[in-house]
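**Q** This is the structure, below, for whatever I ask next.
Next up, the structure:
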């Protein structure tokens, strides 16, 4: 009886290929999740930067007005497509006005995206209206 020499199979078995594909799939899903978290973080940073820009604009406007209105005032201060609401609170403390600005997303509850506090001299800000 003639025996044929057994050939050694070259390559990978189906099980080995499936295990390798499973490992690659897990690694790819982790990479996609990391990219999503990074994108979300950069979006929040962009929103906070625009909110701070809106707060600084409100402060500059208050300084240029010459007169500050005491109390609390809420108004829209949109920055591009970002819908924001600026909250301005003015109180008098002797010869200074305390100006507190908070910028919130207009259509969402939660903490403010930016806060800015300033003390303005009364002679620069003009007379405070009740």
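Residue numbers (my numbering): 641 to 770. C-beta: ideal position from N, C-alpha, C; glycine also. Being a predicted model, the structure only gives us computed values, none of them experimental.
Three-state secondary structure (DSSP) at residue 653?
**A** It is coil, neither helix nor strand.
**Q** Can you tell me which residues form a DSSP beta bridge with residue 726?
**A** According to DSSP, residue 726 bridges with 715, 743.
**Q** Are the beta-carbon atoms belonging to residue 724 and residue 743 less than 7 Å from one another?
**A** Yes; because the gap between Cβ atoms is below 7 Å, this pair is in contact.
**Q** Check whether the Cβ of residue 755 sits closer than 6 Å to any heavy atom of the ligand GDP, and report yes or no.
**A** The model on display carries no ligand, and the ligand GDP is accordingly not part of it.
**Q** Can you find the residues in the same chain that come closer than 6 Å, C-beta to C-beta, to residue 682, ignoring five residues on each side of it along the sequence?
**A** There are no such residues.
**Q** Roughly how many angstroms separate the alpha carbons of residue 749 and residue 654, rounded to a whole number?
**A** Near 53 Å, if we compare the C-alpha coordinates of residue 654 and residue 749.
**Q** Looking only at its chain, what residues have a beta carbon closer than 6 Å to the beta carbon of residue 652, apart from the 5 residues adjacent to it on each side?
**A** Correct list: empty, nothing qualifies.
**Q** Are the segment 661-675 and the segment 704-723 in contact at 8 Å, needing three or more beta carbon pairs?
**A** Flag = no, the segment 661-675 and the segment 704-723 do not touch.
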